[in-house]
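Novice:
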Amino acid sequence: MAWMTYISNWFEQDDWYEGLQRANMSQVRQVGLLAAGCQPWNKDVCAASGDRFAYCATLAIYIYQLDHRYNEFKLHAIMSEHKKTITAISWCPHNPDLFASGSTDNLVIIWNVAEQKVIAKLDSTKGIPASLSWCWNAEDVVAFVSHRGPLFIWTISGPDSGVIVHKDAHSFLSDICMFRWHTHQKGKVVFGHIDGSLSIFHPGNKNQKHVLRPESLEGTDEEDPVTALEWDPLSTDYLLVVNLHYGIRLVDSESLSCITTFNLPSAAASVQCLAWVPSAPGMFITGDSQVGVLRIWNVSRTTPIDNLKLKKTGFHCLHVLNSPPRKKFSVQSPTKNHYTSSTSEAVPPPTLTQNQAFSLPPGHAVCCFLDGGVGLYDMGAKKWDFLRDLGHVETIFDCKFKPDDPNLLATASFDGTIKVWDINTLTAVYTSPGNEGVIYSLSWAPGGLNCIAGGTSRNGAFIWNVQKGKIIQRFNEHGTNGIFCVAWSHKDSKRIATCSSDGFCIIRTIDGKVLHKYKHPAAVFGCDWSQNSKDMIATGCEDTNVRVYYVATSSDQPLKVFSGHTAKVFHVKWSPLREGILCSGSDDGTVRIWDYTQDACINILNGHTAPVRGLMWNTEIPYLLISGSWDYTIKVWDTREGTCVDTVYDHGADVYGLTCHPSRPFTMASCSRDSTVRLWSLTALVTPVQINILADRSWEEIIGNTDYAIEPGTPPLLCGKVSRDIRQEIEKLTANSQVKKLRWFSECLSPPGGSDNLWNLVAVIKGQDDSLLPQNYCKGIMHLKHLIKFRTSEAQELTTVKMSKFGGGIGVPTKEERLKEAAEIHLRLGQIQRYCELMVELGEWDKALSIAPGVSVKYWKKLMQRRADQLIQEDKDDVIPYCIAIGDVKKLVHFFMSRGQLKEALLVAQAACEGNMQPLHVSVPKGASYSDDIYKEDYNELLHKVSKELAEWYFQDGRAVLAACCHLAIDNIELAMAYLIRGNELELAVCVGTVLGESAAPATHYALELLARKCMMISVCFPCVGYRNLAADLLLMIPDNELHLIKLCAFYPGCTEEINDLHDKCKLPTVEECMQLAETAHADDNIFETVKYYLLSQEPEKALPIGISFVKEYISSSDWTLDTIYPVLDLLSYIRTEKLLLHTCTDLNGKNDAAAWETG
1 MAWMTYISNW FEQDDWYEGL QRANMSQVRQ VGLLAAGCQP WNKDVCAASG
51 DRFAYCATLA IYIYQLDHRY NEFKLHAIMS EHKKTITAIS WCPHNPDLFA
101 SGSTDNLVII WNVAEQKVIA KLDSTKGIPA SLSWCWNAED VVAFVSHRGP
151 LFIWTISGPD SGVIVHKDAH SFLSDICMFR WHTHQKGKVV FGHIDGSLSI
201 FHPGNKNQKH VLRPESLEGT DEEDPVTALE WDPLSTDYLL VVNLHYGIRL
251 VDSESLSCIT TFNLPSAAAS VQCLAWVPSA PGMFITGDSQ VGVLRIWNVS
301 RTTPIDNLKL KKTGFHCLHV LNSPPRKKFS VQSPTKNHYT SSTSEAVPPP
351 TLTQNQAFSL PPGHAVCCFL DGGVGLYDMG AKKWDFLRDL GHVETIFDCK
401 FKPDDPNLLA TASFDGTIKV WDINTLTAVY TSPGNEGVIY SLSWAPGGLN
451 CIAGGTSRNG AFIWNVQKGK IIQRFNEHGT NGIFCVAWSH KDSKRIATCS
501 SDGFCIIRTI DGKVLHKYKH PAAVFGCDWS QNSKDMIATG CEDTNVRVYY
551 VATSSDQPLK VFSGHTAKVF HVKWSPLREG ILCSGSDDGT VRIWDYTQDA
601 CINILNGHTA PVRGLMWNTE IPYLLISGSW DYTIKVWDTR EGTCVDTVYD
651 HGADVYGLTC HPSRPFTMAS CSRDSTVRLW SLTALVTPVQ INILADRSWE
701 EIIGNTDYAI EPGTPPLLCG KVSRDIRQEI EKLTANSQVK KLRWFSECLS
751 PPGGSDNLWN LVAVIKGQDD SLLPQNYCKG IMHLKHLIKF RTSEAQELTT
801 VKMSKFGGGI GVPTKEERLK EAAEIHLRLG QIQRYCELMV ELGEWDKALS
851 IAPGVSVKYW KKLMQRRADQ LIQEDKDDVI PYCIAIGDVK KLVHFFMSRG
901 QLKEALLVAQ AACEGNMQPL HVSVPKGASY SDDIYKEDYN ELLHKVSKEL
951 AEWYFQDGRA VLAACCHLAI DNIELAMAYL IRGNELELAV CVGTVLGESA
1001 APATHYALEL LARKCMMISV CFPCVGYRNL AADLLLMIPD NELHLIKLCA
1051 FYPGCTEEIN DLHDKCKLPT VEECMQLAET AHADDNIFET VKYYLLSQEP
1101 EKALPIGISF VKEYISSSDW TLDTIYPVLD LLSYIRTEKL LLHTCTDLNG
1151 KNDAAAWETG
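The sequence shown runs 1 to 1160 under UniProt numbering.
#1: Determine the DSSP secondary structure at H826, reduced to helix, strand or coil.
#2: Within the same chain, show all residues whose beta-carbon is closer than 8 Å to that of I1115, passing over the 5 residues directly before and after it, in chain order.
#3: CB-CB under 8 Å to R578, same chain, minus the five flanking residues each way: which ones, in chain order?
#4: Closer than 6 Å: is that where the CB of P433 sits relative to any heavy atom of the ligand MN?
#5: Going by other Cβ atoms of all chains shown within 10 Å of its Cβ, with 16 needed for buried, is Y649 buried or exposed?
#6: Report the residue ranges of all alpha helix (DSSP H) runs contained in full by the segment 935-1002; include only those spanning at least 4 residues, in chain order.
#7: In chain order, what residues of the same chain lie with their CB nearer than 8 Å to the CB of K534, ignoring the 5 residues before and after it?
#8: With the cut-off set at 7 Å, would you say F896 and A905 are in Cβ contact?
#9: For a quick check, are the C-beta atoms of D168 and N207 less than 7 Å apart?
#10: Please state whether DSSP places E230 in a helix, a strand or coil.
#11: Along the chain, which unbroken stretches of the beta strand (DSSP E) at least 3 residues long are found entirely within the segment 206-282?
#12: When you compare the CB positions of N1041 and L1035, do they come within less than 7 Å of one another, or not?
#13: Helix, strand or coil, according to DSSP, for F369 in the structure here?
#14: Please classify I604: is it buried, with 16 or more other beta-carbons within 10 angstroms of its beta-carbon, or exposed?
#15: I'd like the list of long-range same chain contacts for L1140, defined as Cβ closer than 8 Å, with 5 residues on each side in sequence excluded.
#16: At the level of alpha carbons, what is the spacing between S103 and I128?
#17: From the DSSP output, which residues share a beta bridge with S103?
#18: Where in the segment 115-195 do unbroken runs of the beta strand (DSSP E), each at least 3 residues long, occur, reported from the N-terminal end onward?
#19: Leaving out five residues on either side along the sequence, give the residues of the same chain with a beta carbon under 6 Å from the beta carbon of N606.
#20: Quick one: is C767 buried, meaning 16 or more other Cβ sit within 10 Å of its Cβ, or exposed?
#21: Could you compute how far the alpha carbon of I200 sits from the alpha carbon of Y246?
#22: Cα separation between D51 and Q873?
#23: Using only CA atoms, which one of W699, D389, M379 lies nearest to S370?
#24: If you reduce the DSSP assignment to three classes, tell me which class T800 lands in.
#25: Is D306 close to chain B, meaning its C-beta is less than 7 Å from at least one C-beta of that chain?
#26: I need the DSSP call for M1075, collapsed to helix, strand or coil.
#27: Would you call S157 buried or exposed, if buried means 16 or more other Cβ atoms sit within 10 Å of its Cβ?
#28: Go ahead and pull the three-state DSSP assignment for F414.
#29: If I measure Cβ to Cβ from G187 and keep anything under 6 Å in the same chain, skipping five residues before and after, which residues do I get?
#30: Could you give the residue range of the beta strand (DSSP E) that holds residue 1204?
#31: Hey, could you find the ends of the beta strand (DSSP E) N465 is sitting in?
#32: Under a three-way DSSP split, which group does K1112 fall into?
#33: For S1118, count neighbouring C-beta atoms within 10 Å of its own C-beta (all shown protein chains included) and say buried if the count is 16 or more, exposed if not.
#34: Can F414 and T395 be called in contact, C-beta distance under 7 Å?
#35: Please say whether A1012 and A1031 have beta carbons closer to each other than 7 Å?
#36: Just list the residues that DSSP pairs M1016 with in beta bridges.
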């Protein structure tokens, strides 16, 4: 079957010991990463080499690599070896796998990208390596410099390894901004200084210190820092230098003179960075500091050739890399010949830009912006190939989901902003105005009020209206003292609490009226409103105590004070499910669980090796608690017995914030000093619950009460509001209750990333009315019967198209004038085709195409095809209308696919399938027609090809659910199921397959088999009877399940009584009966039945010699086949290994006893 070819036979080929190992792997799975933005602190923080580019966040370096299959850059690696702010990065010019980086903790690291490991490290450098660069004349030498120098030269390996000081580059009078080695002249180096001057050193020449200051600074003490500095790659002496205020100069390093001063269009504009364009001699680009304007220059002109506004925020740094190779079509171009007739095809010139004066060379600019945004801009096509519009550039202290929308996550950062992210697309949808200083904490307003409260380091607290983008209220009761926590009451939306370093926890109304000021003996770091009592609030204090206050009274004294921590208490969190239970995290590295009703600490969670910060109770499992620490880890705790059930090591620095949404209780977000936000799936922690739902077990085995669930040893049960609501809704239904149950629980338990989209498509396939589809359906992968309808509607909404036109030309060359005159003559002579060809040669395609029908429709179509071919070769979007006009769907689809624009290709293919793009019918000889049915068949084939390619793109990107959506969208249920199984989304595959019914049955049964094996592996082979019963229940849902059930029973290692219970459940004989059946089968020489029943008996080891003897006998003959012996070998692989070990030990002991007797 088609789906089977897409599934690897993991389990059939796996050793069971490997299965046991898998069972011990981390159960918390990372499902999303919001990468940090590019830092704005230092200069040389982006670099590129070959098909890779990298940028520096504050504590990590992000490396992107070109995926040649899809022609797009993807995140390849994150280097997080630095523990302090990264200062610079430099890619090795001799080895594309190596780069060097420095940081403020006096550290330089050489990192291998391919192997993703440190290959050399230089600790305790003399001074901070503020700028560094590989030496171009030596393969393993890196130079670095602190602010005043000197220049250090580090030889990484070899007999001369070590650090030396450059003999001339020291004793500078002004701090160094940056330095650059000359790429061709050995040892030549230039430094740019804060005072605007340059220092140039060239072996054999006189050293030049602090020369070439801008003319406006001569004779003054004013400073005009050098912000950019680059040698001309085609000159030995020229270099471009940018001063913050003076602008851009081309200077001669030998004559120490300024050759050209370049003029910006406005006095208000200033340049932040520049880069030469390697593929175009004399051309360079600059990025403005105030607004994200990319300017294109040539050294022959003092003004920009073009100005492109790419973003509202200013540039921080730039780097140009050559264009990656693109997939090209083999489009034949006409070649010039010596004889030109009136019908010869002309060779067209390249299409010029709108400016008509120049054509941008192929090349990509890595653009980093002051707001943390990072992008890769295709200069030739004038479009983004990749853009992360903005990102946090510093520590993220807090994160919270929006109460009424589990898809929106807010983050608060050291960089002074709160950002709101769509976790399905991992893109920012809102950002606060900024300039708030450090933001330590945030809290959403309850319900749909769409406001966020934030607490800052020095500017008090504020309320930000997200929709309006405005700060609508400020609270200054704490003065300039830092506010470490802000908590908006979700039981009373008018109350907001803040706690501060001034020792106060203040409760106020949203309009600023102070209700309480609770004085503490030291700084207050955390506070949390009780989720059961609207008037209870707990605080964590520097004095190591936890306090509980009752705000309904006028007293300023706490109701309870909990002591026990040995260092300051940071966050406190009330349990959402257990009244009176709260937890606290401390700098002593522990988490304590307190029972308010007993005035006692009921558990201490030990395991972190550094202060604890993030705390989060699960909203469905009452004993599940997650903590984050300065030891870079996240720990998952079972608070019943105080055990750590999982540890996550993925963050590269302190973990500060943890959060989940009640509607998606097993999807967690975390934030860290590494400037990332990460999304995690906790679903593996409640696998038994999932399987109970799939197996249609009773509600008592899915949902329980808190008191029962917290009993030690009780399997996980859902106890939260969301699961109870689902149960109530299902119990109201009279039909399709199991379908709804599977869908609603699947949406609740699954992480974001396409499960909602998948269920919408399942509903469409099952015939649900379109009016019941959710509003956001059109934003995901739509079923193809809706694709054109929704996109047409979207197009109609875009009623205004803004167009810009730039002035043209530098005058028309004489040759062009002559050709135009010749063309006019040809036209007057009626030689229309020759006129058209001359227009093509002049590049005036529109004129040629407008006249071409005067020759023939066939010629016009051919001319359109030639124009399309040329535009494809030039990789221009202008090709689209030409292909559509002549109905060349295949060419257009392949064009989009070659550029990685798979969604565009899919849209065009579907439009063709629906008859919206008709091939242009040109009259042909009789009998040579190409029927519309054949066209439609071709288009359908094309559509499936594009869908498959898009699905594989999603799958390779780690998004198996969206890959399945692509196939469901074209009703290919088999492949949709295959992608879910390949992606190990087994529970989702079973849910979806069960709802889809017969068409998905084979794949559903296979998923059930794999899921049963997963149950067998839980917690290293059945810690309790429940898991073996779950496996049996799943297998009983499969038709022809006898062999699967036999394998399950054979592998189960329980006592005889338990094994017989399992046999009874699986409708198999007891172990005693199996022994008799085995002996009977053996007497009848029925090998398969003999092996089967011995495996199910009390002595499974007896199956082994019989089975091996059978196999050996068969393979000794020349005509044996695997089909004959495989069933027996397959069964033998399920023998319990501990039985074999016991049997071997017994034999050895017997032999030892005999030997002892003989020698005795």
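Even glycine gets a Cβ: it sits at the ideal position worked out from N, Cα and C.
Specialist: Checking against the coordinates, here is how it stands:
#1: Locating residue 826 in the sequence shown gives position 826, counting from the first residue. H826 falls in the helix class under three-state DSSP.
#2: Here residue 1115 refers to the residue found at position 1115 of the sequence shown. Hits under 8 Å: I1125.
#3: Locating residue 578 in the sequence shown gives position 578, counting from the first residue. When the five nearest sequence neighbours on each side are left out, the beta carbons in the same chain lying within less than 8 Å of the beta carbon of R578 are those of P622, T706, I710, in order along the chain.
#4: The ligand MN is absent from the structure shown, which contains no ligand whatsoever.
#5: Here the question's residue 649 lines up with position 649 in the sequence shown. Around the beta carbon of Y649, fewer than 16 other beta carbons sit within 10 angstroms, so the residue counts as exposed.
#6: The DSSP assignment places 960-968, 973-982, 986-996 as complete runs of the alpha helix (DSSP H) inside the segment 935-1002, in order along the chain (cut-off: 4 residues).
#7: Your numbering for residue 534 matches position 534 in the sequence shown. The residues are S489, K491, D492.
#8: Along the sequence shown, read from residue 1 onward, the residue named residue 896 stands at position 896. Along the sequence shown, read from residue 1 onward, the residue named residue 905 stands at position 905. For the 7 Å CB-CB criterion, F896 and A905 form a contact.
#9: Counted from its first residue, the sequence shown places residue 168 at position 168. Counted from its first residue, the sequence shown places residue 207 at position 207. Closer than 7 Å, so yes.
#10: Position 230 of the sequence shown, counted from the start, is the residue given in the question as residue 230. Reduced to three states, the DSSP call for E230 is strand.
#11: Within the segment 206-282, the complete beta strand (DSSP E) runs of at least 3 residues are 208-211, 226-231, 238-243, 247-252, 257-261, 271-276.
#12: One-based indexing of the sequence shown puts residue 1041 at position 1041. One-based indexing of the sequence shown puts residue 1035 at position 1035. Against a cut-off of 7 Å, the Cβ pair of L1035 and N1041 comes out as a contact.
#13: If you number the sequence shown from 1, residue 369 lands on position 369. Three-state DSSP puts F369 in a strand.
#14: Your numbering for residue 604 matches position 604 in the sequence shown. Result: exposed.
#15: In the sequence shown, residue 1140 corresponds to position 1140, counting from 1. E1101, L1104.
#16: In the sequence shown, residue 103 corresponds to position 103, counting from 1. In the sequence shown, residue 128 corresponds to position 128, counting from 1. Approximately 7 Å, taken between the alpha carbons.
#17: In the sequence shown, the residue the question calls residue 103 occupies position 103. For S103, the pairing in a beta bridge is given by DSSP as I86, L107.
#18: Residue ranges of uninterrupted beta strand (DSSP E) with 3 or more members, entirely inside the segment 115-195 and ordered along the chain, are 117-122, 131-134, 141-145, 151-155, 162-165, 176-181, 189-193.
#19: Here residue 606 refers to the residue found at position 606 when the sequence shown is read from its first residue. The residues are T590.
#20: In the sequence shown, residue 767 corresponds to position 767, counting from 1. For the record, residue 767 in the displayed sequence is Gly; it is not Cys. It counts as exposed.
#21: Locating residue 200 in the sequence shown gives position 200, counting from the first residue. Locating residue 246 in the sequence shown gives position 246, counting from the first residue. Cα to Cα, the separation comes out at about 20 Å.
#22: For the purposes of this step, residue 51 is taken as the residue at position 51 of the sequence shown. For the purposes of this step, residue 873 is taken as the residue at position 873 of the sequence shown. When rounded, the distance between both Cα atoms is 21 Å.
#23: By one-based count along the sequence shown, residue 370 stands at place 370. As written in the sequence, residue 370 is Leu, which differs from the Ser given in the question. Of the candidates W699, D389, M379, the one whose C-alpha sits nearest the C-alpha of L370 is D389.
#24: Locating residue 800 in the sequence shown gives position 800, where the first residue counts as 1. With a pLDDT of 30 at T800, under the threshold of 50, the modelled position of that residue is not reliable, and no figure is offered here.
#25: This model lacks chain B altogether, as it is built from one protein chain only.
#26: Position 1075 of the sequence shown holds residue 1075. In the three-state DSSP reduction, M1075 falls in the helix class (H, G or I).
#27: As a working note, residue 157 is residue 157 in the sequence shown. Within 10 angstroms of the beta-carbon of S157 lie fewer than 16 other beta-carbons, which makes it exposed.
#28: Against the sequence shown, residue 414 aligns to sequence position 414. Here F414 sits in coil by DSSP.
#29: For this step, residue 187 is matched to residue 187 along the sequence shown. Hits under 6 Å: P203.
#30: Beyond the ends of the chain as shown, which are 1 and 1160, falls residue 1204; an answer cannot be given.
#31: The count along the sequence shown starts at 1 and reaches residue 465 at position 465. 461-465 is the span of the beta strand (DSSP E), which, as asked, contains N465.
#32: Position 1112 of the sequence shown, counting from 1, holds the residue named residue 1112. K1112 falls in the helix class under three-state DSSP.
#33: To locate residue 1118, count along the sequence shown from 1; it is residue 1118. Flag for S1118 reads exposed.
#34: Taking the sequence shown and counting its residues from 1, one reaches residue 414 at position 414. Taking the sequence shown and counting its residues from 1, one reaches residue 395 at position 395. Their beta carbons are under 7 Å apart, which means F414 touches T395 by this criterion.
#35: Mapped onto the sequence shown, residue 1031 falls at position 1031. Mapped onto the sequence shown, residue 1012 falls at position 1012. For A1031 and A1012, yes; Cβs fall inside 7 Å.
#36: As a working note, residue 1016 is residue 1016 in the sequence shown. Answer is none; M1016 lacks a bridge partner.
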